[in-house]
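Undergrad: Residue numbers (the working numbering), protein chains in the order written: chain A, 63 to 356; chain B, 733 to 816.
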């Protein structure tokens, strides 16, 4: 059984841990609001661009000379997993969930005889995947604070990805990130970013609205201009969603930690009081029996 | 009797207004969009967007960079990589 002094020290240390987790929760809550606004503000652009690219892509005829960004490399062998996580831990299951989804999908593809390579954005995802797929790592980026990421950064990642794609390093790229649904739910999501996913013709037809659209310059040039941009935007959107999800997840995790610390302190206090009382009782018994002996 | 105009950047929805006319710097030349314009899509060059709130108002200009403009039945949407 721990001594009185040891218990007292223990209570003190749990209390200071609780102070830290409480502060982290506050910080996450403040950052969450900003990240959430940013993620929501970025959605219209990404959605609109995606719709336009999809409707253009479904109409453009894919021929020999078409851009590989649209037509694919003609193979389906090497899959690149772009796993976007965060550089920081202590955010509950945020990083683990994204990595777990990526791992599950990777194992599926490997079983089908495909080659999987990893391209990580974020230190935490890399750490998890490194354990299992060390020899499959292609490249890793550490973006730092997700909330401060600008579109130019995303553009840089996209340019790098596209250059690797055109050099034939992989045939398909999938992006893994966490979709921010609400503070309590963040959903790990997979999205194919290269080549562009062409929707079923029926969906594209409703997009066009039946009207004849005029293009300037022509459809192919617009598409050539939009495709690389679309990759950058999708990555940017994923980073924004991740930033919000990370803070949401962190806030929940820290809230739980604070509550757990509270419970622990309560239990330790009871234990402490019980022992103190036991010590007093023993002392009294000693004094009384000493007095009786006289 | 107005054109619905939206200017969107990756960061946020910058403008969503009813205006009279917008002149967009297209890759192959500037073009003005009024209400009821035929469906049209064009890439844009770096330049200035002129927004006319009413027929004889002074235009408000916004510098934009990279992107494209889409005119559909619902109005004009300019997706610019950077604006302002």
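Glycine included, C-beta positions come from ideal geometry on N, C-alpha and C.
Our contact map puts residue 133 of chain A next to residue 257 of chain A with C-beta atoms below 8 Å; I'd like the distance itself, whole angstroms only.
TA: Taking the first residue of the first chain as 1, we reach residue 133 of chain A at position 71. Taking the first residue of the first chain as 1, we reach residue 257 of chain A at position 195. Residue 133 of chain A to residue 257 of chain A, Cβ: 7 Å. Contact.
Undergrad: If you draw a straight line from the C-alpha of residue 804 of chain B to the C-alpha of residue 763 of chain B, how long is it?
TA: Translated into the one-based positions of the second chain, residue 804 of chain B becomes position 72. Translated into the one-based positions of the second chain, residue 763 of chain B becomes position 31. Roughly 15 Å between the two C-alpha positions.
Undergrad: Output, in sequence order along the chain, the residues in the region 733-767 of chain B whose CB is closer than 7 Å to any CB in chain A.
TA: Of all residues in the region 733-767 of chain B, those with a C-beta nearer than 7 Å to a C-beta of chain A are 740, 741, 742, 743, 744, 745, 758, 759, 760, reading in chain order.
Undergrad: Contact between the region 734-753 of chain B and the region 100-113 of chain A: three or more CB pairs below 8 Å?
TA: yes
Undergrad: Let me confirm a value: residue 271 of chain A is counted as buried when at least 16 other C-beta atoms fall within 10 Å, else exposed. Which label applies?
TA: For the purposes of this step, residue 271 of chain A is taken as the residue at position 209 of the first chain. Legend: pLDDT at residue 271 of chain A = 48, less than 50; position of this residue unreliable, value from coordinates given subsequently. So residue 271 of chain A counts as exposed.
Undergrad: Using a Cβ-Cβ distance under 9 Å, would residue 277 of chain A count as near chain B?
TA: Here residue 277 of chain A corresponds to residue number 215 of the first chain, with the count starting at 1. So, interface residue.
Undergrad: In whole angstroms, what is the alpha-carbon distance linking residue 789 of chain B and residue 157 of chain A?
TA: As a first step, residue 789 of chain B must be located in the second chain, where it is residue number 57. As a first step, residue 157 of chain A must be located in the first chain, where it is residue number 95. Those two C-alpha atoms are separated by around 53 Å.
Undergrad: If the cut is a Cβ gap below 9 Å, which residues of chain A does residue 775 of chain B touch?
TA: What you label residue 775 of chain B is simply residue 43 of the second chain in a count that begins at 1. Going along chain A in sequence order, the residues near residue 775 of chain B (Cβ under 9 Å) are 278, 279, 283, 284, 287, 288.
Undergrad: Determine the direct distance from the alpha carbon of residue 186 of chain A to that of residue 140 of chain A, and round the result to whole angstroms.
TA: Locating residue 140 of chain A in the first chain gives position 78, where the first residue counts as 1. Locating residue 186 of chain A in the first chain gives position 124, where the first residue counts as 1. Cα to Cα, the separation comes out at about 24 Å.
Undergrad: Give me the Cα-Cα distance between residue 765 of chain B and residue 282 of chain A, rounded to the nearest whole angstrom.
TA: Within the second chain, the letter at position 33 stands for residue 765 of chain B. Within the first chain, the letter at position 220 stands for residue 282 of chain A. Going by the C-alpha atoms only, they are around 23 Å apart.
Undergrad: Could you tell me whether the region 174-191 of chain A touches the region 142-156 of chain A, where touching means 3 or more Cβ pairs closer than 8 Å?
TA: yes
Undergrad: Using beta carbons (cut-off 9 Å, strictly below), is residue 61 of chain A in contact with chain B?
TA: Chain A is shown only over 63 to 356; residue 61 of chain A falls outside these bounds and no answer can be derived.
Undergrad: Quick one: is residue 307 of chain A buried, meaning 16 or more other Cβ sit within 10 Å of its Cβ, or exposed?
TA: Sequence index remark: in the first chain, residue 307 of chain A carries index 245 (1-based). Buried, because 16 or more other Cβ atoms sit within 10 Å of the Cβ of residue 307 of chain A.
Undergrad: Just to check my reading of the structure: residue 145 of chain A and residue 160 of chain A have Cβ atoms closer than 8 Å, yes? What is that Cβ distance to the nearest angstrom?
TA: Residue mapping note: residue 145 of chain A aligns to position 83 of the first chain, counting from 1. Residue mapping note: residue 160 of chain A aligns to position 98 of the first chain, counting from 1. Correct: roughly 6 Å between the Cβ atoms.
Undergrad: Using a Cβ-Cβ cutoff of 7 Å, what residues of the region 87-112 of chain A are near chain C? List them in chain order.
TA: No chain C is present in this structure, whose protein chains are A and B.
Undergrad: Judging by CA-CA distance, which residue of B:779, B:759, B:785, B:791 is the nearest neighbour of residue 734 of chain B?
TA: Locating residue 734 of chain B in the second chain gives position 2, counting from the first residue. Ranking the options by Cα distance to residue 734 of chain B, first place goes to B:785.
Undergrad: State the start and end residues of the unbroken alpha helix (DSSP H) segment that holds residue 164 of chain A.
TA: Here residue 164 of chain A refers to the residue found at position 102 when the first chain is read from its first residue. Segment 156-173, the alpha helix (DSSP H) holding residue 164 of chain A.
Undergrad: Rounded to the nearest angstrom, how far is the Cβ of residue 242 of chain A from that of residue 98 of chain A, given a contact under 8 Å?
TA: Counted from its first residue, the first chain places residue 242 of chain A at position 180. Counted from its first residue, the first chain places residue 98 of chain A at position 36. Yes, they are in contact, since the Cβ atoms of residue 242 of chain A and residue 98 of chain A sit about 7 Å apart, within 8 Å.
Undergrad: Do we get a CB-CB distance below 9 Å when we pair residue 808 of chain B with the residues of chain A?
TA: Here residue 808 of chain B refers to the residue found at position 76 when the second chain is read from its first residue. Chain A contact via Cβ: absent.
Undergrad: For residue 230 of chain A, name the three-state secondary structure that DSSP assigns.
TA: Within the first chain, the letter at position 168 stands for residue 230 of chain A. Residue state, collapsed to three classes: coil.
Undergrad: Can you give me the C-alpha to C-alpha distance between residue 75 of chain A and residue 88 of chain A, rounded to a whole angstrom?
TA: Taking the first residue of the first chain as position 1, residue 75 of chain A is located at position 13. Taking the first residue of the first chain as position 1, residue 88 of chain A is located at position 26. Looking at the two C-alpha atoms, the distance is approximately 20 Å.
Undergrad: List, from N- to C-terminal side, the beta strand (DSSP E) runs of 3 residues or more that fit wholly inside the region 190-228 of chain A.
TA: Qualifying beta strand (DSSP E) stretches, in chain order: 199-203.
Undergrad: Buried or exposed: residue 292 of chain A, going by 16 or more other Cβ atoms within 10 Å of its Cβ?
TA: Mapped onto the first chain, residue 292 of chain A falls at position 230. Buried, because 16 or more other Cβ atoms sit within 10 Å of the Cβ of residue 292 of chain A.
Undergrad: Could you tell me the distance, in whole angstroms, from the CA atom of residue 330 of chain A to the CA atom of residue 192 of chain A?
TA: Within the first chain, residue 330 of chain A is the residue found at index 268, counting from 1. Within the first chain, residue 192 of chain A is the residue found at index 130, counting from 1. If you take the alpha carbons of residue 330 of chain A and residue 192 of chain A, they lie about 40 Å apart.
Undergrad: Take residue 266 of chain A and list the residues in its own chain whose beta-carbon comes closer than 6 Å to its own, dropping the five residues that flank it on each side.
TA: Stepping through the first chain from its first residue, residue 266 of chain A is reached at position 204. For residue 266 of chain A, the predicted model reports a pLDDT of 44, less than 50, meaning its position is unreliable; a value from the coordinates is still stated below. Once the five neighbours on either side are set aside, the close Cβ partners of residue 266 of chain A are 117, 120.
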